[in-house]
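>
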Amino acid sequence: MTLPRKFRGDLAFAIGACFWVCWSVLPAQTQAQALPEPEPSTNQAATETVSGDTAVLVALEVMLQAGDFEGALALVRATPALAIRPDGLRLQAQILITLGRTDEALAVLEGVLAKVPKDGLARFQIGEAHFQAKRPRAAETAYRLALASDLDPARSGLARQRLAALAARTGWQGTLTALIAPDSNLNSATTTRNIEIFGLPFELNEDARAKGGVTSALQGTLGRAIPLNRTFYLSGQFTGLISDAPGRVFDEAYSQIRIGPEFRLPQEGRLAAQFTHSRRWFGGSLFEVSNGTRLEASLPLGPKTRFEMTARAETADNQINAFRSGDVFVLDLGRTYFQSASKLNRLGLTLVRKDAESETEAFDNATLSVGYLFPAPWTSSVYLEGYVSGRWFDAASFAFGVRREDSEMGVSARFTKRDLNFKGWSPFMTVSLSEARSTLPIAEFSRQRVEFGLTQTY
């Protein structure tokens, strides 16, 4: 059996590294035995030289060149000097990738990164595993993290080729996430029981106050790009969300369809302009219908930095309260910096302007967020993000007599167990805390939420 072309370079590197590693850890007397003594014969000296771990490596090379990957894998795992070192673990992972056992390979490689977070080669191999398993988004992130490390020139070049291939992909792609979430305030409502309207005291009913409970949700995307020439594509995407909360009144659903031209640029850059149509439901009833346009840009700002921009202009038709209908303008900016094989940070800014039929429903909103991805104990990673947000309404509330001004701050931490992966499904847990203050007591709230879920990209 001929060794696959894509495996030969990695194999040669791994075998060479393993020869050096195993020779360096041989006991002193074994190394002494490898030097010929002046007595017996040359044959005896040769036999002593090809002994112990050296003999294992010779057998391993023969198996790999013959295409006996299962046998080679068993031999590596049965050899302590190879089985527990990063070099040997990376070799195991490469064999598993070649055998198509990508989930096992990912578990092995994540174990390597848990011990050596800056191991760019292990991160590159994670990209290769996801690439072979046709998980483009996970592969792209892994390659970019690998390129932020001290990856050797050959694999750096291959990683860039992979990124270019991923950017030019035209098949179906998407995400799917399922979660359950214990929530202290699933309706983001106030804990205040009594308020004043027109100067008169009122008591809020149960549905208007904060309610806790467990929410379940399923959300996903599905999209495709059709090439019209080398740089011009027609792309479209469907986005959907459905959630179930205690009491039908808090159930939510959302759908959006967008389609339009897309331009592919060098260094995995892209520009897209799309028409959008979206609908939102609350409590089983249609709440809002929106139509508009969307502009997207993804551009490199350097070898380790990416810039993302989304601009939207929509007309929202509120089905419950006509005074809330109007035009909405959104600008979303993001900068991602890949620090090393296991770390990245992100800075985000979102600006919103809503022109509603009623001035009391029109507002400006600004949100600033800072996020940081880093490795954590037990082969896990954490994405920690904090944000501050402000919202300023145009006119004083008719009922409360004051102009509404809101401020909110919060923090969330998403924990991912990196070595747990089944057919691309990855488990996660997100803990989030938020606190809102307002000139209207009814708009003040605090919230604690925990999400347990599974996510998949394809």
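Residue numbering for the sequence shown follows this note's numbering, starting at 11 and increasing by one per position.
Yeah, the Cβ is synthetic: ideal placement off N, Cα and C, and Gly gets one too.
#1: Give the straight-line distance between the Cα atoms of Phe248 and Arg133, rounded to the nearest whole angstrom.
#2: Rounded to whole angstroms, what is the Cα-Cα separation between Lys221 and Trp182?
#3: Tell me whether the region 306 to 319 and the region 99 to 107 touch, counting them as touching only if at least three CB pairs, one residue from each stretch, are closer than 8 Å.
#4: Please determine, among Thr185, Leu196 and Gln142, the residue with the shortest C-alpha to C-alpha distance to Ile107.
#5: Any idea what DSSP makes of Ser399, helix, strand or coil?
#6: Just to confirm, are Glu418 and Ser444 a CB contact at a threshold of 8 Å?
#7: Looking at the secondary structure, which residues open and close the alpha helix (DSSP H) in which Gly125 lies?
#8: Mapping DSSP to helix, strand and coil, what is Phe373?
#9: How would you call Gly294, buried or exposed, if buried means at least 16 neighbouring beta carbons within 10 angstroms?
#10: Do Phe273 and Phe297 have their C-beta atoms closer together than 8 Å?
#11: Look up Gln183 in the DSSP assignment and say whether it is helix, strand or coil.
#12: In terms of DSSP beta bridges, what is Gln171 paired with?
#13: Quick check on DSSP: helix, strand or coil for Leu131?
#14: Rounded to whole angstroms, how far is the Cβ of Ser442 from the Cβ of Ser422, which I believe are closer than 8 Å?
#15: Measuring alpha carbon to alpha carbon, tell me which of His287, Thr64 and Pro313 ends up nearest Ala91.
#16: Could you compute how far the alpha carbon of Trp402 sits from the alpha carbon of Phe408?
#17: Report the CB separation of Leu383 from Tyr397 in whole angstroms; it is logged as a contact under 8 Å.
#18: Out of curiosity, what's the CA-to-CA distance linking Arg289 and Glu120?
#19: Name, in chain order, the residues that DSSP records as bridge partners for Ile330.
#20: Taking only the alpha-carbon atoms, compute the straight-line gap between Leu309 and Gly81 and give it to the nearest angstrom.
#21: Would you list the residues sitting across from Glu272 in a DSSP beta bridge?
#22: Looking at the strands, I want to know which residues DSSP matches up with Glu445.
#23: So who's on the other strand from Gly312, going by DSSP bridges?
#24: In chain order, what residues of the same chain lie with their CB nearer than 6 Å to the CB of Gln264, ignoring the 5 residues before and after it?
Per the coordinate set shown:
#1: 31 Å
#2: 39 Å
#3: no
#4: Gln142
#5: strand
#6: yes
#7: Correcting the residue type first, residue 125 is Lys in the shown sequence and not Gly. Element bounds for Lys125: Thr112 to Lys125.
#8: strand
#9: exposed
#10: no
#11: strand
#12: According to DSSP, Gln171 bridges with nothing at all.
#13: Here Leu131 sits in helix by DSSP.
#14: Contact between Ser442 and Ser422 is confirmed by a C-beta separation of about 4 Å, below the 8 Å threshold.
#15: Thr64
#16: Rounded to the nearest angstrom, the two C-alpha atoms are 15 Å apart.
#17: Going by Cβ atoms, the distance from Leu383 to Tyr397 rounds to 16 Å, so no, they are not a contact pair.
#18: Cα to Cα, Arg289 sits roughly 40 Å from Glu120.
#19: DSSP, once it has assigned bridges, lists no residue as partnering Ile330.
#20: Between the C-alpha atoms of Leu309 and Gly81 there is a straight-line separation of about 45 Å.
#21: Tyr243 and Ala282
#22: Met419 and Ser456
#23: Answer is Thr315.
#24: In the sequence as presented, Gln is not what sits at residue 264; that position holds Tyr. Correct list, in chain order: Leu251 and Arg290.
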